[in-house]
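To start, the structure under review is shown below, and the notes come after it.
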Amino acid sequence: MTVSGESDLGGEQLLLPGKLGDPTRVLKTDRRADPRMVAAMAELGFDVAPEPMPVTAESPIEEIREFIAMMEPGYQDAFEMWFAGLPPIENVERRTEVITGLDGNDIKLYIHSPRNASGSLSCVYHVHGGGMVIMSAADTPYVRWRDELAAMGMVVVGVEFRNGAGKLGNHPFPAGLNDCMSGLQWTFDNKTELGISRIVVSGESGGGNLSLAMSLKAQKR
Numbered sequence: 016m017t018v019s020g021e022s023d024l025g026g027e028q029l030l031l032p033g034k035l036g037d038p039t040r041v042l043k044t045d046r047r048a049d050p051r052m053v054a055a056m057a058e059l060g061f062d063v064a065p066e067p068m069p070v071t072a073e074s075p076i077e078e079i080r081e082f083i084a085m086m087e088p089g090y091q092d093a094f095e096m097w098f099a100g101l102p103p104i105e106n107v108e109r110r111t112e113v114i115t116g117l118d119g120n121d122i123k124l125y126i127h128s129p130r131n132a133s134g135s136l137s138c139v140y141h142v143h144g145g146g147m148v149i150m151s152a153a154d155t156p157y158v159r160w161r162d163e164l165a166a167m168g169m170v171v172v173g174v175e176f177r178n179g180a181g182k183l184g185n186h187p188f189p190a191g192l193n194d195c196m197s198g199l200q201w202t203f204d205n206k207t208e209l210g211i212s213r214i215v216v217s218g219e220s221g222g223g224n225l226s227l228a229m230s231l232k233a234q235k236r
């Protein structure tokens, strides 16, 4: 790979996508971006390059945690604004279950299912995003996601795992992964009570990382 953002593949020079191909690229100049998404992000100034962060990987851990705690409310406010005004989703039942985790801690599970469902349904076990350091399964986008999937005929279990920082921190690895595994084990053990036949593990961003880690950990059991 060259510093110009090109990759040598079989003698051909291919331009790499995104910032790998052009370090100066921002959302509004990325041809892959949906214009509707760009317009929504522009309302919060997310379509341009952000200001340099005051912390780096070399900063003291306490300074990094303080910065994360400071920025978390901004993300939550942005999600609230983006999801405001969406029509409510009906015919969905919601409940919570508190279980004991591998480390003896309480873990809240958010369970959404179709109202008046019959038969055995598929289950999505959802792990929320946030870099494993911010956000909560109770935040607006994840509640909405569980509702939408439940309205489509699935049972959805969202796990409230311990974050590495932010309002649900500070819990170093593998605390969050242990919580996710505990919730998944509970979901599997209660398939009959939940009315489910199969389980799909799903997550975005940091939740995707944890989903992959769960798969690897499960293979070793």
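For the record, in the sequence shown the residue sitting at position 161 is 176 according to the working numbering, with numbers rising by one throughout. Glycine included, every Cβ here is placed at the ideal spot set by N, Cα and C. Remember, predicted model here, so these are calculated numbers, not experimental data.
query, result
"Can you tell me where the alpha helix (DSSP H) holding S151 begins and where it ends?", "Element bounds for S151: n/a, residue is neither H nor E."
"Would you tell me roughly how many angstroms separate the C-alpha atoms of P102 and D162, rounded to the nearest one?", "12 Å"
"DSSP state of L136, grouped into three classes?", "strand"
"Can you give the Cα-Cα distance for L30 and G144, rounded to whole angstroms?", "29 Å"
"What runs of the beta strand (DSSP E), each 3 residues or longer, lie entirely inside the stretch 168–235?", "170–175, 211–218"
"So what's P129 in DSSP terms, helix, strand or just coil?", "strand"
"From what residue to what residue does the beta strand (DSSP E) around V107 run?", "107–115"
"From the beta carbon of H186, is the nearest beta carbon of chain B less than 8 Å away?", "Absence of chain B from the displayed structure is noted, only one protein chain being present."
"Within a Cβ cutoff of 6 Å, which residues of the same chain sit near F188, ignoring the five residues on either side of it in sequence?", "none"
"In the structure shown, what three-state DSSP assignment does V53 receive?", "helix"
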